[in-house]
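Just so you know, the protein sequences line up as chains C and P, in that order. Per the numbering used here, the first sequence starts with residue 2, numbered consecutively. Per the numbering used here, the second sequence starts with residue 202, numbered consecutively.
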Amino acid sequence: MAFARRSFKPISTTTSFFRRRLLTTTTDDITVETSVPFTGHNCEPPSRSVSTNPKELLSFFTDMALMRRMEIAADSLYKSKLIRGFCHLYDGQEAVCVGMEAAITKKDCIITAYRDHCIFLGRGGTLLESFAELMGRQAGCSKGKGGSMHFYKKDACFFGGHGIVGAQVPLGCGLAFAQKFRKEDHVTFAMYGDGAANQGQLFEALNMAALWDLPAILVCENNHYGMGTAEWRAAKSPAYYKRGDYVPGLKVDGMDAFAVKQACKFAKEHALKNGPIILEMDTYRYHGHSMSDPGSTYRTRDEISGVRQERDPIERIRKLILAHDLATEKELKDIEKQARKEVDEAIAQAKESPMPEESELFTNVYRKGLGVESFGTDRKELRATLP
Amino acid sequence: MFGIVRQNVGGARGLSSQGLNSMVRLRPIASVIRNYSSATKEMTVRDALNSALDEEMAADPNVYVMGEEVGEYQGAYKITKGLLDKYGPERVVDTPITEAGFAGIGVGSAYHGLRPVIEFMTFNFSMQAIDHVINSAAKSNYMSAGQINVPIVFRGPNGPAAGVGAQHSQCYGAWYGSVPGLKVLVPYSSEDARGLLKAAIRDPDPVVFLENELLYGESFPVSAEALDSSFCLPIGKAKIEREGKDITITAFSKMVGYALKAAEILEKDGINAEVINLRSIRPLDRATINASVRKTNRLVTVEEGFPQHGIGAEICASVVEDSFGYLDAPVERVAGADVPTPYAANLERMAFPQIEDIVRAAKRVCYRSVPLAATA
């Protein structure tokens with residue numbers, strides 16, 4: 002799944018790299034065991050054995066390396082004040098969106114909260130669109146008018162990018178409602194965090210999804226901290242996969258891309274037949290809640306480095322690739338270098354992109370503006386007609 | 202024609218179920234009839250809304266209705282009567298009492314191309330879901346730079362009913378009217394109800410459609426044109442219900458009826474009032490309002506909502522900005538009292554504008570500076 006690179010190089014030069022290595026093994030199946038077995042709530046969990054192939058393994062590595070690079074670069078951009086406002090980084094959680102994409106199609110919908118950069122990339126968004134949006138430029142996916150928390154890609158059924166904690170869950174159930182209304186064979190993954198898991202509207206929406214058998218999959222990305230509050234301080238029952246009560250749930254190692262892939266495949270089959278299901282992804286974010294949060298006042302540095310040592314999702318895939326002899330260490334390092342290069346090029350290009358035209362202040366307020374007048378701060382000074 | 206019949210709506214959530222124990226009927230007056238096109242049919246606002254929903258659901262399979270009691274109960278106020286039988290439970294969806302949940306589900310389905318009509322049993326309950334109306338619906342087209350539009354309608358009764366107390370009587374016109382990205386409509390007559398609801402459902406943006414419980418049972422003449430299934434009223438255009446030259450009275454929803462009655466009384470005192478039915482709070486038809494004030498030079502705004510930061514305040518500001526030189530008197534606001542709504546009937550009567558309040562304000566506006574020369 003080479004997504005971002007399409008905006009920079011013709012595909013042939015990148016995939017030729019793989020063709021040299023993987024002449025005979027591209028389509029041969031490999032079976033991988035998930036790190037830990039799944040735990041089910043009101044359902045029979047799927048098998049720990051996940052089938053994959055060298056192409057997928059390498060694409061997991063490449064995609065996650067790119068995502069990791071992008072988030073780390075965003076950290077620097079924020080510190081140099083090129084990114085303003087809120088910036089919530091996903092590094093550490095990459096396996097969730099990469100594993101999910103491997104199990105679904107672009108007609109299945111995804112909706113998430115504000116930690117959305119990598120999910121956008123997973124849906125086919127480009128690095129340029131991402132960095133330009135973060136820097137508020139015209140080339141951004143929302144033309145610079147949304148910002149970090151409001152990335153969208155409707156043609157790939159990615160519906161954002163939401164700033165209000167928990168709101169995306171009823172919205173996601175609404176996407177599933179539309180899919181069922183239209184009798185589609187697709188599902189919606191509504192992603193939320195352990196902090197949002199306590200929101201009332203989540204239970205309201207889940208109740209309706211269960212009543213009406215909506216193909217909604219609620220994915221709790223449990224990184225164990227809702228902003229600065231640890232899960233045990235916020236939830237009487239932090240077993241989020243069980244919180245659906247009558248709705249079945251599955252607990253998944255969210256740092257294991259194959260566990261995520263298996264779980265999402267299982268969930269999609271379930272949701273199409275039986276209605277909603279909850280997936281709890283046990284994951285971790287290396288950064289704080291956002292760039293304004295150092296992330297070290299409520300957890301120890303040992304904990305963070307411990308997870309990085311033991312459970313890093315990219316390292317896990319690296320070890321698998323090396324164990325199956327699909328690439329050498331150097332080749333993997335080259336992939337990471339390439340990711341770095343692509344990110345740097347995208348940032349340079351994004352910096353070239355201009356800020357939006359001033360007239361854009363008044364565009365897209367409505368889809369159909371009816372020729373209505375809108376006003377700037379000094380209405381005698383600035384008025385506009387909405388088309 | 203101005204019969205106000207209180208209908209028994211069957212104890213829905215403690216709201217008014219006055220039965221038929223009080224009827225106020227006024228004889229139609231010729232000068233008012235002349236403003237309606239020659240009509241052969243009368244229709245209640247309830248039937249107007251019902252027929253509009255029916256026609257739009259027939260025309261577009263993506264339109265569906267969702268809310269509490271909209272299906273099997275036939276609607277808390279019977280606005281959705283008969284729709285379940287005709288369109289089935291997939292398109293007329295009864296929900297649990299969970300506004301935040303179903304408003305969010307509605308908006309999400311609109312993201313994916315459906316055209317939901319979400320009913321709030323009253324707009325007081327929309328406060329439970331207001332984040333979805335504003336942050337999920339109104340702002341999405343802007344934040345996504347046009348990728349995600351939200352063709353949703355939120356409709357239901359707004360403002361006071363009769364004796365329903367403080368928590369069930371608030372008007373939300375000013376709050377929703379202040380949000381860019383929303384359209385806010387306020388029908389008065391049956392023609393308004395039909396034309397504006399059809400326009401709202403067809404509109405690609407989120408529309409807040411504020412009805413009035415006490416108007417549901419009121420009958421209005423409807424023209425043949427309005428009965429046609431393609432009938433639509435433009436959004437953002439006010440209607441001059443009664444032409445006049447001495448003062449402008451703006452009103453919306455139930456207050457239009459009160460303003461018209463006030464105008465009849467003022468006529469006897471030689472004050473010829475122009476009554477504007479706003480029809481749309483957002484966009485606000487500043488052009489029509491200002492043109493009228495430039496003609497009459499005096500303005501009284503009428504609304505049932507709380508006075509501070511209300512609709513009259515916005516209209517006054519607009520007129521001061523655009524037509525200051527034309528004003529012969531300061532603008533007067535008649536609004537709900539600045540208190541939570543009391544229950545006792547005498548206090549409740551003091552809490553909402555009555556016809557005499559409009560008349561008094563209008564007279565003040567006329568005698569404030571030079572007395573009216575020609576009153577005949």
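The C-beta atom is built at its ideal place from N, Cα and C for all residues, glycine as well.
The alpha-carbon of I120/C is positioned some 24 Å away from that of K181/C. The shortest C-alpha to C-alpha distance from G382/P to any of G396/P, G366/P, G268/P, V409/P is the one to V409/P. Put simply, of D558/P, I402/P, A474/P, S454/P the residue whose alpha carbon is nearest the alpha carbon of A260/P is I402/P. A distance below 8 Å separates the beta carbons of G372/C and L387/C. The C-beta of I322/C has 16 or more other C-beta atoms within 10 Å across all chains shown, which makes the residue buried. Per DSSP, reduced to three states, the secondary structure at V99/C is helical. With a cutoff of 8 Å on beta-carbon distance, R124/C and I112/C are scored as not near each other. Closest in alpha carbon position to S493/P, among E444/P, L461/P, A562/P, is E444/P. The beta carbon of L428/P lies closer than 7 Å to those of K242 in the same chain, with the five residues before and after it left out. For S52/C, the CB contacts under 6 Å within the same chain, skipping 5 residues up- and downstream, are D30, T32 in chain order. Taking a Cβ-Cβ cut-off of 9 Å, L415/P has no neighbours in chain C, whose nearest Cβ is about 30 Å from it.
At least one C-beta of chain P is nearer than 8 Å to the C-beta of E205/C.
Collapsing the DSSP output to three states places E185/C in coil.
Positions of the alpha helix (DSSP H) runs, each at least 4 residues long and wholly inside the region 478-508 of chain P, are given as 487-497 in order along the chain.
Among the residues facing chain P, S354/C is not included, as its CB has no counterpart in that chain under 8 Å away. Assignment of beta-bridge partners to C221/C by DSSP yields Y193/C, E281/C. About 11 Å separates the CB atoms of Y153/C and N342/P; that is not less than 8 Å, and the two are not in contact. Note on the region 74-123 of chain C: whole beta strand (DSSP E) runs with a minimum of 3 residues are 110-112, in chain order.
Counting only Cβ-Cβ distances below 8 Å, S143/C has contacts in chain P at M344, S345, A346, Q348, in chain order. Boundaries of the alpha helix (DSSP H) harbouring A464/P: 455-469, taken from the DSSP string.
Annotation: Cβ neighbours of I165/C in chain P (cutoff 8 Å, chain order): D332, N336, S337. In this structure, the CA atom of K274/C is about 13 Å from the CA atom of V248/C. Contact note: G437/P reaches chain C through L371, G372, V373, using a C-beta cutoff of 9 Å and chain order. Rounded to the nearest whole angstrom, the CA to CA distance from A133/C to A347/C is 9 Å. Going by beta carbons, R487/P and E412/P fall outside the 8 Å limit.
Residue environment analysis places P277/C among the buried positions, since at least 16 neighbouring C-beta atoms fall within 10 angstroms of its C-beta. For the region 293-304 of chain P, the residues whose beta carbon sits under 7 Å from a beta carbon of chain C are, in order, T296, P297, T299, A301, G302, F303. In this chain, the beta strand (DSSP E) harbouring L386/P covers 384-386.
Nearest CB-CB separation between V366/C and chain P: below the 8 Å threshold. Look at V354/P here: in three-state DSSP terms it is strand. Residue range 293-295 is occupied by the beta strand (DSSP E) that includes D295/P. Burial of K269/C is indicated by the presence of at least 16 other C-beta atoms within 10 angstroms of its C-beta.
F376/C carries a strand assignment under DSSP once its states are collapsed to helix, strand and coil. When rounded, the separation of the alpha-carbon atoms in M292/C and M228/C is 11 Å. P314/C and M256/C have their C-alpha atoms some 5 Å from each other.
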